[in-house]
Amino acid sequence: MGYTTLTKSIPEAQPSPEKSVRVPWPLGLAAGFTLLVLLAVGCGRQPPTATPTVAATSTPSPSPTASPTATATPTGPLVIVGSESFSQIEPFRPRATIARTVAGTLYDTLLSVDPHDGSLRPGVASTWTVSNDDRTITFSLPPNLRWSDGEALTADDVVFSIEQALAENHGENIGPYLHLVSDVAARDAQHIQVRLERGFCPALYDLAAVPIVPQHTKEDTRQGQVTEGAYLRPDQGQLLFARNPRHSPAPALFESWTYRAVTETTAIIDAVNKGSAAVGLLPAETALSDLPAARWVITPSNRLTSLAYRLDHPILRDRRVRQALAQAVDRDALVRTLFGVSQPLPRTHLPPGHWAAQQAPPPAYDPTQAARLLEQAGWVDHDGDGIRDREGQPLRLQLMAPLGSQRAEDIPLYLREQLRAIGVDLQPQFTEPLIFRDNLYHDQYDIALVTWEVGVDPDQYDLWHSGGENGEPVYNFTGYHNAAVDGWLEEARVTPACDPLQRRALYGNIWDALRRDQPYTVLFAWPQILLARQGLAGPAPSPFVGPLWNLETWRWSDGTP
């Protein structure tokens, strides 16, 4: 499918001769992904927990599966509890992850994201086309769309929504590249044309994420009283959401649902186990052994934890050493140790299952090959103390990790034992999050344990390109420099008509180069955990669209009230 047609020889990466990195603040949104130096911000330190055991019947499915369309009589209300709190629902300025998730049940977006592979599919717009120069995008609406109040939904509403997103969001919350929109206009009642300042394929995902809000209502459209989504918000003073009977293709199967925030993980579990809530959205670090009385669903999220290597380090500048470290880590065992269950591992620097990474081979665990690579690099245990050495220098490396929750701090300890088995002395060094961040950008580390929240579009220009947007790398603090990768990153942003097959081929070349050069070693994706009462069918968290993407199809399958 075009994957081999763009394959080129991949030269070995070279450290940038003069590494100049612009330090952004805050980190993240301008690149479509966010560096999380502390995974569980706001969560207190927890005592160490034993490795949980999980019954074989609890093994999650590898990908989200929506419940089949049901003909059951609508029931309700449905109560969902979680640890994040919020009061305002502002689709153009979401201030919390759960607020963005809830807004998705009120307002449909211009396009939607496939929960299985992150590809784009129809949303409010049924079709879309991209011009060959990538500057003009035309969206088409199906006929007879209606708002929850019965008014027609037309191209004017879409134009209004995009303009609202540009005015309120400044291209920062919904998408970092909305600022490239130079003009948006309705050609007729069903067609919208968007012009960009320049061809830029990642902007399509940003446009796809724009919530569609009504232009005709004089009420504050951000409150969700008139919507096109599965639910609406009849009472602005409560987080109570009523079924939209006009929702297409079918109304939701619960008459209403409500969200309650609780501060303790144990309170979330108790609420589900005791029946006061049907669903609990749990922190990623929840021990699965604490979930015996109800059904849980665990799937990977878009938060990836990796080892980042300083490429001008005297030991790590040798690519064979980095390759050895990558092959010495048993990622599946690491995930089972941390979370008590196996789950799909990232094949590259995208969430598991992503359409642009499906052809990348899975990371290999091969400690024998790892030892062989170290020997080829001259690292041998000459004195028999279990640590390899070369010219009298032990193979000793510091692993810088941010202080955070106990489970996050267990990762370096596990890695230390894994690498000790091949003769590497890895020494964890825990630092406060802000110090950790500063050390990254001032080369004060050997290896860093970093966690990224990755965007859905596969563009990772700011992470790997040696020059960055304005000649200054934004997130390339490792100093990675590969001219071929630079070229493929640039080409993937302006692929004619943003053809996903051609983009996938280009990213395949990039993943091949990164796998060989190993500026990073991707370890795992943090899980998202949903706890549900027995008899509730439908919950299927996705790394691309979160836990509530198919809320309108949830239903009681056994007559549970």
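The numbering of the sequence shown is my numbering, which starts it at 595 and goes up by one. For glycine and all other residues, C-beta sits at the position ideal for the given N, C-alpha and C.
Locate the beta strand (DSSP E) running through residue i, then write down its first and last residues.
i	result
A1126	1114-1126
W722	721-724
N896	889-903
I683	Where I683 is concerned, there is no enclosing beta strand (DSSP E), given that its DSSP letter is neither H nor E.
V673	672-676
G874	873-876
A995	990-996
F733	730-734
W1046	1041-1047
I786	785-790
P716	714-716
R837	834-837
Can you tell me where the alpha helix (DSSP H) holding residue i begins and where it ends?
i	result
Y1101	1094-1111
Y853	Where Y853 is concerned, there is no enclosing alpha helix (DSSP H), although the beta strand (DSSP E) it sits in stretches over 850-855.
N1033	1027-1035
D884	Neither: D884 is in no alpha helix (DSSP H) and is coded neither H nor E.
A1225	A question about residue 1225 goes unanswered here, because the residues of the chain that appear run from 595 up to 1155.
I768	Segment: none, I768 is in no alpha helix (DSSP H) and carries neither H nor E.
W1058	1055-1058
E969	961-970
A693	691-700
F933	925-933
L1083	1077-1087
V707	First-last for V707: 705-707, but that is the beta strand (DSSP E), not the alpha helix (DSSP H).
L1013	1000-1014
Got a sec? Which residues, its chain only, sit under 7 Å from residue i by beta carbon, not counting five neighbours each side?
i	result
S1151	G1129, A1131
V1139	V707, P709
P685	A697, Y701, P805, V807, R816
E678	A690, T691, I692, A855
P828	Q819, A836
If contacts are defined as beta-carbon pairs under 8 Å, then residue i and residue j qualify, I think. What distance do you get, rounded to the angstrom?
i	j	result
L704	V718	6 Å
L700	L826	6 Å
A918	A964	4 Å
W1058	L1034	With a Cβ gap of about 16 Å, W1058 and L1034 do not count as contacting.
V1068	D1053	About 13 Å; that fails the 8 Å criterion.
L735	Q784	5 Å
Excluding the five sequence neighbours on either side, which residues of its own chain have a C-beta within less than 8 Å of the C-beta of residue i, listed in chain order?
i	result
R715	L705, S706, V707, D708
V696	F680, I683, L833, F835, Y853, L1142
T942	A951, A954, W1105, L1108, R1109, V1116
Y1008	L928, T931, L932
F794	D728, Y771, L774, R1087, V1088
Q1021	R990, L991, Q992, L993, R1010
To the nearest angstrom, how far is it from the Cα of residue i to the Cα of residue j?
i	j	result
R914	G1061	25 Å
D777	R687	21 Å
L760	L798	14 Å
P658	V891	Unreliable placement is indicated for P658, whose pLDDT of 44 sits below 50; the coordinate value is still reported in the next sentence. If I take the Cα positions, the gap works out to 10 Å.
I863	L1125	8 Å
V820	P1133	26 Å
A958	Q921	6 Å
R1087	L1145	33 Å
P1137	G769	18 Å
T721	G947	24 Å
H841	S742	7 Å
L711	D800	Leu is not the amino acid found at residue 711; the sequence shown has Asp there. About 17 Å.
R1031	R694	26 Å
H976	D983	7 Å
F733	N896	28 Å
G986	L905	22 Å
T857	D1093	45 Å
P737	R1127	39 Å
P1096	T1089	Before going on, a small fix: residue 1096 reads as Gln here, not Pro. Between Q1096 and T1089, the C-alpha separation is close to 7 Å.
Y1074	H907	12 Å
Q758	V1050	22 Å
N1070	L885	40 Å
With a CB to CB cut of under 6 Å and the five nearest residues on each side skipped, what residues in its chain are close to residue i?
i	result
A871	V673, V675, A865
Y1114	S900, A902
S655	Residue confidence for S655 is low, a pLDDT of 35 falling below 50, so the modelled location carries little weight; the figure read from the coordinates is stated next. Excluding residues within five positions, none has a Cβ falling inside 6 Å.
S713	W949
F754	Q809
Three or more beta-carbon pairs under 8 Å between the segment 844-858 and the segment 1133-1151, yes or no? Two segments are said to touch when three or more pairs of C-beta atoms, one from each, lie closer than 8 Å; by this definition the segment 844-858 touches the segment 1133-1151.
Does the contact criterion of 3 or more C-beta pairs under 8 Å hold for the segment 964-979 versus the segment 901-916? Yes: at least three Cβ pairs fall under 8 Å.
Does the structure place the segment 1097-1110 close enough to the segment 1079-1088 that three or more beta carbon pairs sit under 8 Å? Enough Cβ pairs lie closer than 8 Å, so yes.
Could you check whether the segment 1039-1049 touches the segment 988-1004, counting it as contact only if at least three pairs of C-beta atoms, one from each stretch, sit closer than 8 Å? Touching, yes.
Could you tell me whether the segment 767-776 touches the segment 787-798, where touching means 3 or more Cβ pairs closer than 8 Å? Short answer: they touch.
For the structure I just gave you, are there three or more beta carbon pairs, one from the segment 1011-1019 and one from the segment 922-932, closer than 8 Å? Three or more Cβ pairs drawn from the segment 1011-1019 and the segment 922-932 lie within less than 8 Å of each other, which places the two stretches in contact.
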